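Scroll down for the structure; my scribbles are underneath it.
There are 2 protein chains.
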Amino acid sequence: MSTETRDGAGMRRGIEESNRRFMESFNRGDAAGAARDVYTADATILPPGGAMVQGRDEIVQFWAGAVEAGIRRVELTTVSLEPMGDGACEIGRGSIGLADGQQMEAKYVVLWKQEDGRWRWHVDIWNS
Amino acid sequence: MSTETRDGAGMRRGIEESNRRFMESFNRGDAAGAARDVYTADATILPPGGAMVQGRDEIVQFWAGAVEAGIRRVELTTVSLEPMGDGACEIGRGSIGLADGQQMEAKYVVLWKQEDGRWRWHVDIWNS
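So the sequences go chain by chain: A and B.
Start counting the first sequence at 7; every next residue gets the next number (the numbering used here).
Start counting the second sequence at 7; every next residue gets the next number (the numbering used here).
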């Protein structure tokens, strides 16, 4: 691991960059690509009102399905970011735009890990 | 930090013990005591359908309110536990018994930290 990724500022930059990439891909209509890009290979998501989903391929399918169910835009805002060993814990707020123009507000916790040289979502849970 | 708390088995035992104490206190009617015992001083909880709550005193009030709202029993089951630096990330399932006899199922993520010689909940988020 480089010095860059060990220092707090480098971590924060890497995490901001990954969130930015996710939003950019998702919001131009490529939810599957956004998910494939941001999750670790053995990530877990815990969506409200549904079962846990494990593994990047299954998570990619989940997000593709979310678009079919009407999610169009996602805006993520980091509230706090705390290093934990080689990873980090992010608490944030999400704003979700639906196809019918409605807006939903969510809160989330993401456990971040570095994999293949980038900061990625390893555990992802949210609620209303 | 002792060797005991650094090894994985010691971590798991400490975490099981803290969860057991929480359930024991909560389920005999002492929700406030259970919360005061298990959270770090600057913990954050993210309850579904409500705002984030920060700080142990505020969280104790939240749980006292949850009992007034009808929660009587909580059973926690660890699904996975992953060390992260000096802390750990737990994914689990919760079963919540209500005063009217209904049962609700939940999933949760807890970020664990050691504080004052015990493993405690530092970030706690759940959904349905």
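Glycine residues also receive a C-beta, built at the ideal position from the N, C-alpha and C atoms.
Here the structure is a predicted model, which is why all the values come from computation and not from measurement.
**Report entry** Residue environment, Thr83/A, which counts as buried when at least 16 other CB atoms sit within 10 Å
**Finding:** Sixteen is the threshold: since fewer than 16 other Cβ atoms of the shown chains lie within 10 Å of the Cβ of Thr83/A, the residue is exposed.
Query raised in the report: In angstroms, rounded to a whole number, what distance separates the CA positions of Ile102/A and Asn33/A?
Result: 10 Å
Query - Pro89/A beta carbon less than 8 Å from that of Met17/A - result: Closer than 8 Å, so yes.
Requested in this report: Could you pull out every residue in the same chain whose Cβ sits closer than 8 Å to the Cβ of Gln104/A, ignoring the five residues on either side in sequence?
Outcome: Looking at the sequence provided, one finds Leu at residue 104/A rather than Gln. The residues are Gly76, Ile77, Arg78 and Met110.
Query raised in the report: Should Asn33/B be flagged as near chain A, meaning a C-beta pair shorter than 8 Å?
Result: no
Report task. State the beta-bridge partners of Arg42/B as determined by DSSP. Result -> According to DSSP, Arg42/B bridges with nothing at all.
Report task. Report the partner residues of Met29/B according to the DSSP bridge assignment. Result -> Answer by DSSP bridge pairing: none, since Met29/B is not bridged.
Requested in this report: Return the CA-CA distance between Thr46/B and Glu64/B, expressed in angstroms with no decimal places.
Outcome: 12 Å
Query raised in the report: Going by DSSP, what residues sit across from Ser101/B in a beta bridge?
Result: Glu81/B and Glu111/B
Report task. Using a Cβ cut-off of 8 Å (strictly closer), state whether Leu52/B contacts chain A. Result -> yes
Query - Closest by C-alpha distance to Asp130/B, when choosing among Ala49/B, Arg19/B, Ala38/B and Arg124/B - result: Ala49/B
Query raised in the report: Do Gly100/B and Trp132/B have their CB atoms nearer than 8 Å?
Result: With contacts defined by Cβ atoms closer than 8 Å, Gly100/B and Trp132/B form a contacting pair.
Query raised in the report: Val44/A to Met58/B, Cα distance in whole Å?
Result: 25 Å
Query - C-beta neighbour in chain A for Asn25/B, strict 8 Å - result: no
Report task. Would you list the one or two residues that DSSP bridges to Pro89/A? Result -> Pro89/A is bridged by DSSP to Ala94/A.
Query raised in the report: Which partner residues does Gln120/B have in the DSSP bridge list?
Result: Trp125/B.
Query raised in the report: So which residues on chain B does Ser134/A lean against when the C-beta distance must stay under 7 Å?
Result: Pro54 and Gly55
Requested in this report: List the residues of chain A whose Cβ lies closer than 8 Å to the Cβ of Met17/B, in chain order.
Outcome: Here the premise fails: no neighbours, minimum Cβ distance about 12 Å.
Query raised in the report: Which whole-angstrom value describes the C-beta separation of Leu87/B and Val115/A, a residue pair presumed to lie in contact below a C-beta threshold of 8 Å?
Result: Between Val115/A and Leu87/B the Cβ distance is about 16 Å, and since that is not below 8 Å, they are no contact.
Query raised in the report: Is Arg126/A buried or exposed, if buried means 16 or more other CB atoms sit within 10 Å of its CB?
Result: buried
Query - Neighbour-count burial assignment, Arg62/A, 16 or more Cβ in a 10 Å radius - result: buried
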